[in-house]
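Scroll down for the structure; my scribbles are underneath it.
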Amino acid sequence: NAGVTQTPKFRILKIGQSMTLQCTQDMNHNYMYWYRQDPGMGLKLIYYSVGAGITDKGEVPNGYNVSRSTTEDFPLRLELAAPSQTSVYFCASSNRVGTDTQYFGPGTRLTVL
Amino acid sequence: DQQVKQNSPSLSVQEGRISILNCDYTNSMFDYFLWYKKYPAEGPTFLISISSIKDKNEDGRFTVFLNKSAKHLSLHIVPSQPGDSAVYFCATQTSYDKVIFGPGTSLSVIP
């Protein structure tokens, strides 16, 4: 039981490049989330999904896209990377929204130069 | 506009003493509160939670206190151990909505 896995662990992008951050969970959770954490800041919600085929914007969605074709996978796409997207990205999942524990992946550290 | 505040970015405590981490929130509609713990290069992990119908919840060395009138919660760790050194995030939510995280407090427990 791996929980939530994320790839890659680290990535350096040039301005304007694109990439996809992968996230997979094996707990059969309906809800999945993408957060970013900037230094000295809490986790900010980028996008979330309540089930396969259903996604919605969080607090900071600009510059990102997501898809949810299966229960297990929730990739985050960065188009036209900008230095402001330098951050640590965490994927999480939970059985339901609300009063339920979220399980986090180990994170992807992204630098845009 | 921060809805969840942790005004102490860092805290140092001697091993064996009590660690007290504080959190303030602005929205009285929040009815569930959580603490997550994060080690470097790892994702946050759930530590302890409390519902708004309670004012205290205890789990081993960890106790969370909730003061709804003051919109304040605190996490007490007794006794503190070096392995408790981590960043602690306070988080709040309503029963139907997403989690909102505070900026975190970095706790160092000195042997």
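Heads up: the protein sequence lines correspond to chains A and B, in order.
Counted from 1, the first sequence has number 123 at position 30 by my numbering; the numbering is strictly sequential.
Counted from 1, the second sequence has number 77 at position 29 by my numbering; the numbering is strictly sequential.
Yeah, the Cβ is synthetic: ideal placement off N, Cα and C, and Gly gets one too.
Keep in mind it's a predicted model, so treat the numbers as computed, not measured.
Do you know how far the Cα of residue j is from the Cα of residue i?
i              : j              : result
residue 78(B)  : residue 163(A) : 31 Å
residue 183(A) : residue 52(B)  : 19 Å
residue 96(B)  : residue 152(A) : 25 Å
residue 161(A) : residue 171(A) : 15 Å
residue 207(A) : residue 195(A) : The first residue shown for chain A is 94 and the last is 206, placing residue 207(A) beyond what the model contains.
residue 22(B)  : residue 74(B)  : Not covered by the structure: residue 22(B). The range shown for chain B is 49 to 159.
residue 119(B) : residue 72(B)  : 6 Å
residue 139(A) : residue 68(B)  : 30 Å
residue 84(B)  : residue 132(A) : 17 Å
Quick check on residue i: buried or exposed, where buried means 16 or more other Cβ atoms within 10 Å of its Cβ?
i              : result
residue 87(B)  : exposed
residue 189(A) : exposed
residue 92(B)  : buried
residue 114(B) : buried
Any beta-carbon of chain B closer than 8 Å to the one on residue i?
i              : result
residue 183(A) : yes
residue 144(A) : no
residue 125(A) : no
residue 194(A) : yes
residue 197(A) : yes
residue 109(A) : no
residue 157(A) : no
residue 136(A) : yes
residue 140(A) : no
Leaving out five residues on either side along the sequence, give the residues of the same chain with a beta carbon under 6 Å from the beta carbon of residue i.
i              : result
residue 166(A) : 117
residue 82(B)  : 97, 139
residue 114(A) : 169, 182, 201
residue 109(A) : 173
Does residue i have its Cβ less than 8 Å from a Cβ in chain A?
i              : result
residue 137(B) : yes
residue 93(B)  : yes
residue 149(B) : yes
residue 146(B) : yes
residue 90(B)  : yes
residue 64(B)  : no
Tell me which same chain residues have a C-beta within less than 7 Å of the C-beta of residue i, skipping the five on either side of it?
i              : result
residue 129(B) : 63, 157
Short of 8 Å in beta carbon distance, which residues of its chain neighbour residue i, apart from the five on each side in sequence? Order them along the chain.
i              : result
residue 149(A) : 140, 141, 142, 143
Looking at chain A, which residues of the segment 101-134 of chain B have a Cβ within less than 8 Å of any of its Cβ atoms? The segment 101-134 of chain B vs chain A, Cβ under 8 Å: nothing.
Mind listing which residues of the segment 50-79 of chain B have their C-beta closer than 9 Å to chain A's C-betas, in chain order? Listed by position, the residues of the segment 50-79 of chain B near chain A (Cβ gap below 9 Å) are 50, 52, 54, 57, 79.
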